[in-house]
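Using our numbering, you'd call the opening residue of the sequence shown number 3 and step up by one each time.
Ideal Cβ positions, reconstructed from N, Cα and C, are used throughout, including at glycine.
For clarity, every value in this text was computed on a predicted model and none was experimentally measured.
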Amino acid sequence: MLQPSSFRFEVKDRVGVVTFTRPDTLNSLTFDVYRELRDLMFELEREPSSSVASVVVTGEGRGFCSGGDVNSIIGELFSRDMPGLVEFTRMTCDLIKNMRALRKPIVAALNGTAAGAGAVIALASDLRVASDKAKIAFLFVKVGLAGADMGAAYLLPKLVGLGRATELLAFGDAVDAPTAERYGLFNKVVPPEQVLPEAMAWAKRLADGPTFALGMTKELLNGELNLDLFGALDNEARAQAVCMQTKDFREAYEAFTQKRPPRFTGR
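Here it is, written out as structure tokens:
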């Protein structure tokens, strides 16, 4: 498996933990972080669930991720021509693509500020546990860019509704944790010292669950975002028939009849 040099990655109890390690810049992103995180998410899809079954993304210090580094990324982009700029923007979008294509749950542990690209990384995760001191800001318009970046204009309305997404993307203002929870953007808000333990507990619970079925659930959630009801019903009928052939389905039944906890294997 890829061993990144621009952030820390470790596996704890079948939970892959990504930790951004540039706390002095609120974990701002460099070209290397983007590239290595994109590649890691791609590799994790091919990693067996017996090794890594879920993922947690977090940051060191008081910030989760403040987005692209002003000096190492934004300054350098001014020297690029259009093909060079498209190369970069496609790389950032490929990161989000790989996160959503990963059929393993991703829990963002928002220990602090998530801004710009950091906000979209949180958005592209499946679940978000945040510190009650955390803030989130889709601040692209504040630097003269479209609020629609890295899939934000697609994903955010699905989570908070079109009107609220328009407000967040058009103004680019920071939203505090209680407000983000009220909007449905944060799943759970806890004291700072509980963020990582809570996120790890969720990720471990998911890793111990029926990983094939969870992967199928994420795939259907992605696939049905733009389907009508009849198309969604057809998708789910076929997917459920596949899940009914798994050993996990039989194990759940046998565990129920034997009055014991199920032992899922992802098969």
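- Each of Ala121, Arg24 and Ser133 was checked against the Cα of Gly153, and the nearest Cα belongs to Ala121.
- Annotation for Val109: the continuous beta strand (DSSP E) segment containing it runs Ile108 to Leu112.
- For the pair Leu87 and Leu79, the CB atoms are nearer than the 8 Å cut-off.
- Beta-bridge annotation (DSSP): Ser56 is paired with Val17.
- As a beta-bridge residue in DSSP terms, Thr115 pairs with Gly65.
- In this model, Ala103 and Asp26 are separated by some 31 Å (Cα to Cα).
- In the structure shown, Arg269 adopts coil according to DSSP, grouped into three states.
- Apart from sequence neighbours up to five positions away, no residue of its chain approaches Val72 with a beta-carbon distance below 6 Å.
- Bounds of the alpha helix (DSSP H) holding Lys220 are Thr213 to Gly225.
- Taking 8 Å as the cut-off, the beta carbon of Phe44 is found closer than this to the beta carbon of Asn100.
- Within a 10 Å sphere around the beta-carbon of Asp34 sit fewer than 16 other beta-carbons, which makes this residue exposed.
- In this structure Lys106 is buried. Its beta-carbon is surrounded by 16 or more other beta-carbon atoms within 10 angstroms.
- Within the segment 158 to 204, the runs of beta strand (DSSP E) at least 3 residues long that lie entirely inside it are, in chain order, 190 to 192.
- In the three-state reduction of the DSSP assignment, Glu49 falls in the coil class, being assigned neither a helical nor a strand state.
- About 6 Å separates the CB atoms of Glu253 and Phe266; that is less than 8 Å, so the two are in contact.
- Cβ-Cβ distances below 7 Å link Glu62 to Thr21, Phe22, Thr23, Pro25 and Asn29 in the same chain, with the five nearest sequence neighbours on each side left out; the list follows chain order.
- Just so you know, the alpha carbons of Ala215 and Leu112 end up roughly 26 Å apart.
- In the three-state reduction of the DSSP assignment, Gly120 falls in the helix class, which pools H, G and I.
- Between Pro194 and Lys135 the beta-carbon gap is near 6 Å, inside 8 Å, which marks them as a contact.
- Short of 8 Å from the beta carbon of Thr248, and not among the five residues preceding or following it, lie these beta carbons of its own chain, in chain order: Pro212, Phe214, Ala215 and Arg269.
- About 6 Å separates the beta carbon of Leu157 from that of Ala126, a gap short enough to meet the 8 Å contact definition.
- Annotated as proximal: Gly114 and Arg64, with beta-carbon spacing under 8 Å.
- In this structure, Tyr36 is the residue among Ser68, Tyr36 and Val145 with its C-alpha nearest to the C-alpha of Cys95.
- Arg16 and Val54 do touch by the CB rule: their CB atoms are close to 6 Å apart, below 8 Å.
- Residue pairing by DSSP places Lys137 opposite Asp178 in a beta bridge.
- Collapsing the DSSP output to three states places Ala132 in a strand.
- Spatial neighbours of Ala209 in its own chain (CB-CB distance under 6 Å, excluding positions within 5 residues in sequence) are listed in chain order as Arg16, Val17, Ala55 and Ser56.
- When secondary structure is reduced to three states using DSSP, Leu31 falls in the strand class.
- For Met218, the closest of Glu238, Asn228 and Arg10 by C-alpha to C-alpha distance is Glu238.
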